[in-house]
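Enquirer: Here you go, one structure.
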Amino acid sequence: MDFNLSEQQIALRDSAQRLARDVFKDKAAHWDRAAEVPWENIKLLGEQGYLGLIIPEEYGGGGANLMDLVLVLEQLGWACVSSTMYVFSSNVHGNRITQLGTDQHRQTYLPRIASGEILPCHAMSEPQAGSDAHRMKTSAVRDGDYYVVNGNKCWISRGAVSHLVLVDVVFKDEEKSPKGLLIIEHGTPGFEIGRIEDMMGHRGSPSTELIFRDCRVPATNRMAHGDFSASLMSMSLSRCCNSAIALGVAQRAYDEAVEYVQRREAFGKHLADFQGLRWMVADMAVKLDAARMLIYRAASNATAGFPSELEAAIAKTYANEASLSVVSDAMQLFGANGYSAAYPMERLYRDVRGFVIAGGTTQIQRNLIARKVLGRRKY
Ligand SMILES: Cc1cc2nc3c(=O)[nH]c(=O)nc-3n(C[C@H](O)[C@H](O)[C@H](O)COP(=O)(O)OP(=O)(O)OC[C@H]3O[C@@H](n4cnc5c(N)ncnc54)[C@H](O)[C@@H]3O)c2cc1C
91 MDFNLSEQQI ALRDSAQRLA RDVFKDKAAH WDRAAEVPWE NIKLLGEQGY
141 LGLIIPEEYG GGGANLMDLV LVLEQLGWAC VSSTMYVFSS NVHGNRITQL
191 GTDQHRQTYL PRIASGEILP CHAMSEPQAG SDAHRMKTSA VRDGDYYVVN
241 GNKCWISRGA VSHLVLVDVV FKDEEKSPKG LLIIEHGTPG FEIGRIEDMM
291 GHRGSPSTEL IFRDCRVPAT NRMAHGDFSA SLMSMSLSRC CNSAIALGVA
341 QRAYDEAVEY VQRREAFGKH LADFQGLRWM VADMAVKLDA ARMLIYRAAS
391 NATAGFPSEL EAAIAKTYAN EASLSVVSDA MQLFGANGYS AAYPMERLYR
441 DVRGFVIAGG TTQIQRNLIA RKVLGRRKY
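Per my numbering, the sequence shown runs over residues 91 to 469.
Right under this line is the structure:
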């Protein structure tokens, strides 16, 4: 494990930081309030190579590794979660296609994802199957050269604006009804967008219900290695990336709070002079550092495919909860100003909260960690 960044990584991190602070920061509150997709930022992210950062160079991507991606997500998340979520999905789902798709999938989709021409999303959750993904019902039944798909997915981030969806389905007519991934393109007859959720945060990256009614999907759209265990394992990549964005949000809240307590006065001194508040800031610094180390460990140990499930689950559990706690404390340090939309703190709080649930809750991460440590228990 070596956390010394290469010159290339420092340059990448610094250019993402400039983009975040000089271009994304000021309009972040607008995308959030209006629940508007930040198209102008997505275009820029495509042009500057961020959407295909870890897509292999032979498919038009940057050929970077997970550590590079984590550095970028942390910087962009500092300024604007709504915009950063598109870098998350193009890279994470692009990587799913690289690792689990066929040659044809890679050639058809990856160059267009890398350039930002098309956006991908991933649909696993269903109304009765969230944490317990094995209860999913969306079915795919073979009919000649097609699968006929029926079912409802929910909470799908960017579902209404993505051009293709990696959908977890049950192959109903096969022995043991295996689950696996199918690529379904928007515009396929029988595929409709349902309710667009009015979410607390991540509002420029809207979550949506997806409805499939006798939707005929070419059989070649089945992911080659997309059996359910591979699909679940690929979640370790999204967990690392989810944690990196949450960390960026927490770092922003901390930076704002450190500045605020040194200028705000009460009882004849600066807030930064009260011992209790000094320790609060110290604890925030400890949490940020520890979270960063765990995320960097999982990212830098990742092999060509995905990070270790255990390291990603440990990173997500700690980093999500530490980030939430840091933002909550930063809001407290701001007093009523922290609760007002005139300051960024309330948006940061709403945004960071979502990461603790999305991509597998921290309770489910603890189950995964305990299973690795103690093995499966029979009751
Ligand atoms: C911002 C956001 C974006 C999302 N984006 C997507 C997306 O793009 N694609 C997608 O497929 N889904 C997405 N989701 C859905 C997300 O994956 C689920 O919300 C999550 O897996 C939890 O499922 P659930 O909401 O049904 O909660 P439930 O599974 O009903 O859980 C409710 C509570 O019970 C706890 N719990 C459940 N089972 C156990 C257990 N065995 N042990 C201990 N505690 C348990 C949970 O931790 C949680 O606190 C998103 C959610 C959010 C908030």
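Yeah, the Cβ is synthetic: ideal placement off N, Cα and C, and Gly gets one too. Given the structure is predicted, the values throughout are model-derived calculations rather than measurements.
Determine whether the beta carbon atoms of V307 and Y350 lie at a separation below 8 Å.
Expert: no
Enquirer: I need the straight-line Cα distance from P397 to G465, nearest angstrom please.
Expert: Those two C-alpha atoms are separated by around 20 Å.
Enquirer: Please check the pair M214 and V260, which I expect to be a contact at CB under 8 Å, by giving their CB distance rounded to whole angstroms.
Expert: Not really, about 12 Å apart at Cβ, beyond 8 Å.
Enquirer: In terms of DSSP beta bridges, what is K359 paired with?
Expert: A356
Enquirer: Could you check what DSSP says for Y237 in three-state terms: helix, strand or coil?
Expert: In the displayed model, Y237 falls within a strand according to three-state DSSP.
Enquirer: According to DSSP, is M435 part of a helix, a strand, or is it coil?
Expert: helix
Enquirer: Quick check: is any heavy atom of ligand 1 less than 7 Å from the C-beta of D471?
Expert: Only positions 91 to 469 of the chain appear in this structure, which leaves residue 471 out of reach.
Enquirer: Taking C-beta to C-beta, are G210 and H183 nearer than 8 Å?
Expert: Checking the displayed sequence, the identity of residue 210 turns out to be Pro instead of Gly. The criterion of a C-beta distance shorter than 8 Å is satisfied by P210 and H183.
Enquirer: So, helix, strand or coil for M313, using DSSP?
Expert: strand
Enquirer: Would you say the beta carbon of T451 comes nearer than 7 Å to a heavy atom of ligand 1?
Expert: Answer for T451: yes, Cβ within range of ligand 1.
Enquirer: Around the C-beta of M290, are 16 or more other C-beta atoms found within 10 angstroms, so that it is buried, or is it exposed?
Expert: exposed
Enquirer: How many Å lie between L102 and S390 at the Cα?
Expert: 16 Å
Enquirer: Spatial neighbours of T310 within its chain, please: C-beta separation below 7 Å, excluding the five flanking residues on both sides.
Expert: Q194
Enquirer: Starting from S297, trace the beta strand (DSSP E) in both directions and tell me its first and last residue.
Expert: S297 to P308
Enquirer: Please state the DSSP three-state secondary structure of F396.
Expert: DSSP places F396 in coil when its eight states are reduced to three.
Enquirer: How is the alpha helix (DSSP H) around C331 delimited, first residue to last?
Expert: M325 to V351 is the span of the alpha helix (DSSP H), which, as asked, contains C331.
Enquirer: Does the beta-carbon of I187, which I'm using as the reference point, lie nearer than 7 Å to any heavy atom of ligand 1?
Expert: no
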